[in-house]
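From first to last, the protein sequence lines stand for chains A and B. Just so you know, the first sequence maps onto residues 0 to 217 in numbering that gives the first Met the number 0. Just so you know, the second sequence maps onto residues 0 to 217 in numbering that gives the first Met the number 0. Positions of the beta carbon are idealized from the N, C-alpha and C atoms, including for glycine.
Protein chains: 2
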Amino acid sequence: MMLQAVTEMMEGDGPTARQQDVLDAVLRLLVEEGDRLTMTAVARRASCSKETLYKWFGDRDGLLTATVQWQASKVRVPPVDRNGLDLASLTSSLERFASDWLRVISSDTSIALNRVGVVHAGSEKRDLGAIVLERGRFALGRRLKPVLEAGREAELLEFDDAETAFRTFFGLVARDVQIRLLLGDRLELTEAGIDGDAVRATQQFLALHGAKTGPMAL
Amino acid sequence: MMLQAVTEMMEGDGPTARQQDVLDAVLRLLVEEGDRLTMTAVARRASCSKETLYKWFGDRDGLLTATVQWQASKVRVPPVDRNGLDLASLTSSLERFASDWLRVISSDTSIALNRVGVVHAGSEKRDLGAIVLERGRFALGRRLKPVLEAGREAELLEFDDAETAFRTFFGLVARDVQIRLLLGDRLELTEAGIDGDAVRATQQFLALHGAKTGPMAL
DNA sequence: AAGTCACCGTACCGTACGTTACGGTTCGGC
DNA sequence: GCCGAACCGTAACGTACGGTACGGTGACTT
Chain A
0 MMLQAVTEMM EGDGPTARQQ DVLDAVLRLL VEEGDRLTMT AVARRASCSK ETLYKWFGDR
60 DGLLTATVQW QASKVRVPPV DRNGLDLASL TSSLERFASD WLRVISSDTS IALNRVGVVH
120 AGSEKRDLGA IVLERGRFAL GRRLKPVLEA GREAELLEFD DAETAFRTFF GLVARDVQIR
180 LLLGDRLELT EAGIDGDAVR ATQQFLALHG AKTGPMAL
Chain B
0 MMLQAVTEMM EGDGPTARQQ DVLDAVLRLL VEEGDRLTMT AVARRASCSK ETLYKWFGDR
60 DGLLTATVQW QASKVRVPPV DRNGLDLASL TSSLERFASD WLRVISSDTS IALNRVGVVH
120 AGSEKRDLGA IVLERGRFAL GRRLKPVLEA GREAELLEFD DAETAFRTFF GLVARDVQIR
180 LLLGDRLELT EAGIDGDAVR ATQQFLALHG AKTGPMAL
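Take a look at the structure:
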């Protein structure tokens with residue numbers, strides 16, 4: 000019964016165009032309604048039948064899981080070139096990461112998705128939380144660590160453990176922003192504010208982990 | 000109808016002993032079951048009737064709100080004495096704050112309560128999220144800022160804005176811990192690990208905001 | 001001893017929602 | 001032009017749960 004439905008999405012190469020439309024509808028509904036969206040509301044918004052929803056995604060959890068993965072797959076990552084790394088390019092890379100990250104975690108979609116992940120992590124179905132974590136926090140770590148290590152290679156950074164250094168950077172960038180937004184704080188982040196925070200966090204990180212050779216940046 | 004019920008708890012001096020027992024039961028149930036606890040389960044666990052629950056707390060939201068406030072009221076704050084502040088006492092104060100905070104946010108109770116706050120912040124009832132935020136993040140800020148300002152007064156710290164300085168400290172302490180725990184990551188924080196993190200965060204904060212007079216601490 | 005009060009346990013009600021079933025429509029293949 | 005597959009819209013089913021009603025019991029008052 001459900002086996003067939005699950006396979007329908009799991010096997011092969013991602014959702015079809017029509018399925019993507021449905022998932023985008025779920026995404027919008029998730030932003031508006033949070034976790035209390037109903038299957039009926041999804042069907043209505045996506046102009047599809049509930050029967051189709053169940054056929055494609057198995058059950059409500061399957062639909063949410065597919066939605067989270069669909070959103071995650073939309074975030075494409077420009078690789079960082081490790082050639083010709085100097086302090087200026089390292090600095091701007093870090094600033095770029097910081098502002099990108101702030102923009103992500105303060106977006107409506109991210110907040111809604113993280114909320115869903117949190118509430119599911121509280122019940123038996125831990126999967127959604129794990130997925131959000133994997134595609135969010137850990138994906139960022141995997142992307143940033145090579146940059147940090149290239150910086151160390153080029154003797155621009157000093158640290159023992161890339162993971163620890165990354166977590167410091169993460170803390171300096173995110174601070175209390177994510178928890179405040181998740182808890183419903185109206186935290187208006189302007190473009191200028193985000194860029195300013197990115198610069199500040201990067202400078203602080205360099206003050207802590209920048210190589211002490213030559214005049215310090217701060 | 001409900002007016003009477005609400006007043007029963009709101010007016011006057013907090014929950015009675017029996018009501019505290021009930022709220023503690025809710026707390027335990029919240030840790031075990033997350034937000035999907037039912038009123039029936041609460042009644043059974045607390046050995047009281049549902050009728051009594053509704054009489055005392057009005058409705059499900061009232062019960063959860065009372066629970067959050069009850070837990071928050073249990074956290075008592077030792078005031079920090081601002082006399083005879085030197086670098087050593089400032090450092091140990093900061094380390095104390097950091098380790099206390101890490102212990103709080105990694106406790107089962109805090110995780111469960113924050114989860115409830117997050118899910119409620121996603122629906123219309125933003126109150127619970129606001130309360131958690133107020134009793135958590137903002138309460139910490141109010142407690143820590145006087146310490147920071149005393150440190151600046153004593154020319155041990157340098158910063159423009161106490162709020163910004165606090166948020167930096169917050170980021171250095173919490174890093175990715177809270178979001179990982181909320182999303183269900185099994186993050187084992189040992190006593191030694193927490194204390195080590197507190198020391199590291201404090202040293203990093205002093206490196207960023209310690210007064211540059213005399214040899215630097217890092 | 002009778003009355004009152006607060007409370008427990010449980011049965012009950014209404015509804016919302018996940019899930020399933022079904023009739024009708026479109027569309028591609030023969 | 002016909003057939004079946006895929007899909008839409010909607011109705012129907014089952015259940016879980018928030019909220020209410022009610023009978024029963026112990027404690028306290030007079």
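Please classify residue i: is it buried, with 16 or more other beta-carbons within 10 angstroms of its beta-carbon, or exposed?
i	result
M1/B	Bear in mind that a pLDDT of 39 at M1/B, under 50, signals an unreliable position, so the number given afterwards is only what the model happens to contain. The residue is exposed, with fewer than 16 neighbouring Cβ atoms inside 10 Å.
L15/A	Leu is not the amino acid found at residue 15/A; the sequence shown has Thr there. T15/A is exposed by the Cβ-count criterion.
T90/A	buried
E94/A	buried
A87/A	exposed
E123/A	exposed
V176/B	buried
A216/A	Its pLDDT being 46, under 50, A216/A is placed unreliably by the model, and nothing is read from it.
Q3/B	Low confidence applies to Q3/B: its pLDDT is 45, below 50, so where it sits in the model is not reliable, and the reading given next is rough at best. Exposed, by the Cβ-count rule.
S46/A	exposed
L52/B	buried
T37/B	exposed
G150/A	buried
G57/B	buried
A24/B	buried
A191/B	exposed
G83/A	exposed
Helix, strand or coil for residue i per DSSP?
i	result
G61/B	helix
Q3/B	Because the pLDDT at Q3/B is just 45, under 50, the model does not fix this residue reliably, and the value given afterwards should be weighed accordingly. Here Q3/B sits in helix by DSSP.
M215/B	Low per-residue confidence applies at M215/B: pLDDT is 47, beneath 50, and the placement is therefore not dependable enough to give any value.
L156/B	strand
G83/B	coil
G209/A	strand
R17/B	helix
V74/B	coil
D105/B	As written in the sequence, residue 105/B is Ser, which differs from the Asp given in the question. In the structure shown, S105/B sits in coil (DSSP, three-state: anything other than H, G, I, E or B).
D175/A	coil
T163/A	helix
S122/A	coil
E187/B	coil
T37/B	coil
L182/A	coil
D99/A	helix
S48/A	coil
D196/B	helix
D23/B	helix
D12/A	coil
Taking residue i as the reference, give the member of the options with the closest Cα.
i	options	result
D196/A	I110/A, S98/A, T15/A and Y53/A	S98/A
Q18/A	G33/A, G135/A and A42/A	A42/A
L112/B	S122/B, L132/B, R102/B and L101/B	L132/B
F168/A	I178/A, R134/A, L207/A and E152/A	L207/A
L70/A	V103/A, W55/A and S46/A	Before going further, note that residue 70/A is Gln rather than Leu in the sequence given. Cα-wise, what sits closest to Q70/A is V103/A.
R199/A	S46/B, Q68/B and R166/B	R166/B
V146/B	F96/B, D194/B and I130/B	F96/B
S105/B	A173/B, A210/B, E157/B and D126/B	A173/B
L127/B	E157/B, T64/B and K211/B	T64/B
T189/B	G33/B, L101/B and T37/B	L101/B
D80/A	E148/A, G192/A and L22/A	E148/A
T66/B	R75/B, L84/B, E157/B and L29/B	L29/B
R59/A	T39/A, I193/A and G13/A	T39/A
T201/B	L171/B, G61/B, E187/B and T108/B	L171/B
G13/A	E50/A, K73/A and A24/A	K73/A
S109/A	E31/B, I178/B, E157/B and A24/B	I178/B
Q218/B	L156/B, D20/B, R134/B and G209/B	Nothing about residue 218/B can be read from this structure; chain B reaches only from 0 to 217.
D194/B	E31/B, R44/B and S92/B	S92/B
F158/B	L22/A, G192/A, Q203/A and K54/A	Q203/A
L205/B	L186/B, E162/B and L155/B	L155/B
E152/B	I130/B, K54/B and A210/B	A210/B
For this session: Please name the residues in the segment 147 to 167 of chain A whose beta-carbon is closer than 8 angstroms to at least one beta-carbon of chain B, in chain order.
Result: Those would be R166 and T167, in chain order.
For this session: Decide if the segment 179 to 196 of chain A is in contact with the segment 114 to 133 of chain B; the criterion is three or more beta carbon pairs, one per stretch, under 8 angstroms apart.
Result: Verdict: yes, contact present.
Exercise. The segment 122 to 150 of chain A: which residues have C-beta closer than 7 angstroms to a C-beta of chain B, in chain order?
Worked result: Answer set for the segment 122 to 150 of chain A: S122, R125, G128, A129, V131, L132 and R136.
Exercise. Taking one C-beta from the segment 132 to 145 of chain A and one from the segment 140 to 152 of chain B each time, how about it: are there three or more such pairs within less than 8 angstroms?
Worked result: Cβ pair count under 8 angstroms is below three, so no.
For this session: Could you list the residues in the segment 166 to 191 of chain B with a C-beta less than 8 angstroms from some C-beta on chain A, going in chain order?
Result: For the segment 166 to 191 of chain B, which is checked against every Cβ of chain A, the residues closer than 8 angstroms are R166, T167, F169, G170, L171, V172, A173, R174, D175, Q177, I178, R179, L181, L182, G183 and D184.
For this session: Using a Cβ-Cβ cut-off of less than 7 angstroms, list which residues of the segment 13 to 40 of chain A approach chain B; keep chain order.
Result: Hits within the stretch, in order: G33, D34 and R35.
For this session: Return the residues of the segment 53 to 72 of chain A that lie within a Cβ-Cβ distance of less than 8 angstroms from chain B, sorted by chain order.
Result: Listed in sequence order: no entries.
Exercise. Which residues, taken in chain order from the segment 76 to 98 of chain A, show a beta carbon closer than 7 angstroms to some beta carbon of chain B?
Worked result: Flagged: no residues at all.
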